[in-house]
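Below is one structure, written out as structure tokens; comments come after it.
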Amino acid sequence: MNSPSSNHRLPLMADASSPFTNDDIIINDNSKRLPFIRRVQSLLLIWISGFCTFLFIGFIFVFALVRFGYHRWVLRDHSYAKVTQNGYEILHPESSADLDYYAQLIGLKIDVHQVTTEDGFVLTLQHLYNPTIDQRGRSKLKPILLIHGLMQSSGSFLTSGYKSLAFHLVSNGHDVWMGNNRCGFNPKHLIFDSNDERMWNWDLNEMAKFDIPAMVEKIIALTRYKYKISIMAHSQGTTQCVYLFSKQFGVNFNDKVDKCVLLAPAVYGGPLLNSQLFIKFMRGLPDWSFTIFFGKNSFMPILMHLRRFTYKLNSFGFSSYVVFSYLFAWNDYLWDKSLRRIHFIFSPVYVSVKLMNWWLRSKNGQGFEEGKPIIKDPNSWFTKDTPDFFLLVGGKDDLVNGELFINRLKNLEPHMHSRWQYLKIDNYSHLDVLWADDLLDKVGGTLLNFLQK
0 MNSPSSNHRL
10 PLMADASSPF
20 TNDDIIINDN
30 SKRLPFIRRV
40 QSLLLIWISG
50 FCTFLFIGFI
60 FVFALVRFGY
70 HRWVLRDHSY
80 AKVTQNGYEI
90 LHPESSADLD
100 YYAQLIGLKI
110 DVHQVTTEDG
120 FVLTLQHLYN
130 PTIDQRGRSK
140 LKPILLIHGL
150 MQSSGSFLTS
160 GYKSLAFHLV
170 SNGHDVWMGN
180 NRCGFNPKHL
190 IFDSNDERMW
200 NWDLNEMAKF
210 DIPAMVEKII
220 ALTRYKYKIS
230 IMAHSQGTTQ
240 CVYLFSKQFG
250 VNFNDKVDKC
260 VLLAPAVYGG
270 PLLNSQLFIK
280 FMRGLPDWSF
290 TIFFGKNSFM
300 PILMHLRRFT
310 YKLNSFGFSS
320 YVVFSYLFAW
330 NDYLWDKSLR
340 RIHFIFSPVY
350 VSVKLMNWWL
360 RSKNGQGFEE
370 GKPIIKDPNS
380 WFTKDTPDFF
390 LLVGGKDDLV
400 NGELFINRLK
410 NLEPHMHSRW
420 QYLKIDNYSH
430 LDVLWADDLL
440 DKVGGTLLNF
450 LQK
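What follows is the structure, encoded as structure tokens:
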């Protein structure tokens with residue numbers, strides 16, 4: 000990661016229990032207000048890129064509807080899994096943006112904590128627990144941190160209700176903490192506001208270096224747990240973990256974590272990266288036109304505005320599914336269809352244009368490419384102190400290539416010998432590892448055995 004041209008140190012104000020209380024917070028830039036002309040230029044770019052992305056989303060929605068109609072009424076390949084258990088006691092829960100509402104429907108509760116990262120972002124950390132177990136009883140449970148994927152939030156682990164991974168973990172004696180990466184639904188920073196382009200000057204490197212360590216340290220501080228904790232991550236969250244635990248990244252964090260579950264590990268890119276039209280479009284844009292089209296701040300914030308005003312509508316779940324299914328070529332055939340609208344209430348979230356540039360426009364040895372690893376060093380990435388890994392790989396997941404990561408662990412990582420395992424489910428795609436209706440039947444027991452051994 001490139002060194003910042005200037006660093007500003009800021010005394011911690013927002014979070015007295017932060018692991019960085021005894022240190023100063025590092026802000027990677029000059030914290031002074033931008034000059035007037037620069038602010039005007041930045042706001043103008045926000046408006047221009049907003050108009051461009053509005054048109055972009057419009058075209059995508061039209062193409063998505065055409066694709067959906069073709070598969071539904073021409074190919075007639077829609078065939079949903081048989082649902083054997085409801086996700087909630089009530090058949091039709093309300094559409095609520097409060098995740099605690101869904102937790103309470105299954106007898107659990109969520110407490111919310113704020114976490115301040117070393118570079119000044121304020122994150123949301125949610126503690127999911129059974130309120131019938133007192134604090135003394137919970138203090139004996141091993142914590143596990145859940146980290147979501149790209150443009151998702153912690154809700155992705157819980158919205159399946161009784162059939163969710165989060166409920167499964169709580170029910171089987173784990174102290175569950177659901178993390179949210181920087182910005183999320185409500186971007187907060189100790190210095191910069193959301194219109195300041197410096198607030199959005201980050202990608203996967205900063206997320207791995209600052210977000211997960213801050214959340215892990217916060218969990219340890221709150222629980223006073225004296226041993227190593229576990230992590231479960233999906234998609235982008237797995238990339239953060241692999242970065243964090245690799246010796247190439249240079250952050251020694253192996254003494255805090257002993258188990259790491261990687262769902263749909265995004266370590267090697269899949270064939271979808273070179274086949275989807277919208278990815279080709281984004282990659283084909285010159286840098287200057289990419290900046291005009293998408294700006295320098297948040298990536299397509301219109302999506303979050305649409306979510307805010309439409310998530311209670313009956314059509315919200317369908318519209319969200321149609322668009323994301325078109326973009327990433329997966330479907331909901333293995334899900335409980337009645338839960339689809341709830342799943343999409345908790346996505347998308349605010350992310351930076353720079354992060355999307357990292358994922359979709361890999362350059363200079365950085366980023367995500369088909370058949371290539373996120374870490375370009377051909378030597379071993381892991382050491383004898385790296386946490387044990389459990390990989391869940393979908394056989395129909397074309398966004399990532401889990402097989403290449405499995406081969407790497409088999410052949411190129413001598414220190415991981417006998418300390419990792421995997422489960423491949425042939426008919427699963429990228430989101431089925433979270434939301435498939437039979438997920439716990441196929442994965443639940445193996446997952447618990449790995450975490451508890």
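The opening residue of the sequence shown carries number 0 in numbering that gives the first Met the number 0; numbering runs sequentially from there. Every residue gets a Cβ at the ideal spot worked out from N, C-alpha and C, and that includes glycine.
Suppose the cutoff is 7 Å on Cβ atoms and the five residues either side in sequence are ignored; what does the same chain contact list for residue i look like?
i: Y69; result: none
i: G393; result: A263, I424, Y427, S428, H429, D431, V432
i: V442; result: L391, L422
i: L473; result: Because the chain here runs from 0 to 452, residue 473 falls outside it and cannot be looked at.
i: S319; result: F343
i: G294; result: L44, I45, S48, V352
Taking the C-alpha atoms as reference points, what is the distance between residue i and residue j?
i: Q365; j: L272; result: 15 Å
i: D22; j: F389; result: Any reading at D22 must be qualified, since the residue scores a pLDDT of 42, below 50, and its modelled position is unreliable; the value itself is stated next. Cα-Cα distance, rounded: 34 Å.
i: I211; j: T115; result: 11 Å
i: R339; j: N85; result: 13 Å
i: L149; j: G236; result: 8 Å
i: L391; j: D192; result: 38 Å
i: K187; j: F120; result: 6 Å
i: L422; j: F67; result: 31 Å
i: L243; j: T382; result: 12 Å
i: S310; j: N179; result: According to the sequence as given, residue 310 is Tyr; it is not Ser. Approximately 20 Å, taken between the alpha carbons.
i: H167; j: L439; result: 8 Å
i: A435; j: S361; result: 31 Å
i: L189; j: A207; result: 19 Å
i: W46; j: R307; result: 19 Å
i: I24; j: F248; result: Low per-residue confidence applies at I24: pLDDT is 48, beneath 50, and the placement is therefore not dependable, though the value from the model is reported in the following sentence. One C-alpha to the other measures close to 20 Å.
i: Q275; j: F55; result: 15 Å
i: D99; j: A232; result: 21 Å
i: F35; j: M355; result: 28 Å
i: V39; j: T131; result: 54 Å
i: A239; j: L33; result: In the sequence on display, residue 239 carries Gln and not Ala. Approximately 31 Å between the Cα atoms of the pair.
i: W287; j: N400; result: 31 Å
i: L124; j: S417; result: 33 Å
i: V169; j: N129; result: 7 Å
So if DSSP puts residue i in a beta bridge, which residue, or which two residues, is it bridged to?
i: S453; result: No information on residue 453 is available, as it lies outside the stretch 0 to 452 that the chain covers here.
i: K108; result: Y128
i: K423; result: V392
i: K246; result: None, per the DSSP bridge assignment.
i: V175; result: L127, I143
i: V260; result: M231, F389
i: W334; result: A435
i: V322; result: Answer by DSSP bridge pairing: none, since V322 is not bridged.
i: Q365; result: K362
i: V399; result: G268
i: P372; result: Y267
Here's a check: name, in chain order, each residue in its chain whose Cβ is nearer than 8 Å to the Cβ of residue i, leaving out the five neighbours to either side.
i: F449; result: K258, V260, D387, F389, Q420
i: S95; result: Y101, I344
i: H414; result: S379, F381, T382, K383, T385
Is residue i helix, strand or coil by DSSP?
i: E88; result: coil
i: F120; result: strand
i: S288; result: helix
i: Y267; result: strand
i: Q40; result: helix
i: G183; result: strand
i: T115; result: strand
i: H188; result: strand
i: E93; result: coil
i: P212; result: helix
i: E412; result: coil
i: Y161; result: helix
i: D99; result: helix
i: Q275; result: coil
i: F345; result: coil
i: D202; result: coil
i: H462; result: With the chain covering 0 to 452 only, the question about residue 462 has no answer from this structure.
Please work out which residues of its chain come closer than 6 Å, Cβ to Cβ, to residue i, disregarding the five sequence neighbours upstream and downstream, and give them in chain order.
i: A213; result: V114, T116
i: D110; result: H126
i: L403; result: Y267
i: I105; result: G160, Y161, F166
i: S41; result: E196
i: F209; result: T116, E117, D118
Less than 8 Å between CB atoms is the rule here; does residue i satisfy it with respect to chain B?
i: N410; result: The chain labelled as chain B is not found in the depicted structure, where only one protein chain is given.
With a cut-off of 8 Å, do at least 3 Cβ pairs link the region 293-310 to the region 333-352? The count of Cβ pairs closer than 8 Å, one atom from the region 293-310 and one from the region 333-352, reaches three, so the stretches are in contact.
Could you tell me whether the region 69-81 touches the region 312-332, where touching means 3 or more Cβ pairs closer than 8 Å? The region 312-332 and the region 69-81 touch, with three or more beta-carbon pairs separated by less than 8 Å.
The region 166-182 contacting the region 138-147, beta-carbon criterion three pairs below 8 Å: Touching, yes, given that three or more Cβ pairs across the two stretches are closer than 8 Å.
Within 8 Å, do at least three Cβ pairs link the region 150-162 to the region 215-223? no
The region 398-416 in contact with the region 121-138 per 3-pair CB rule at 8 Å: no
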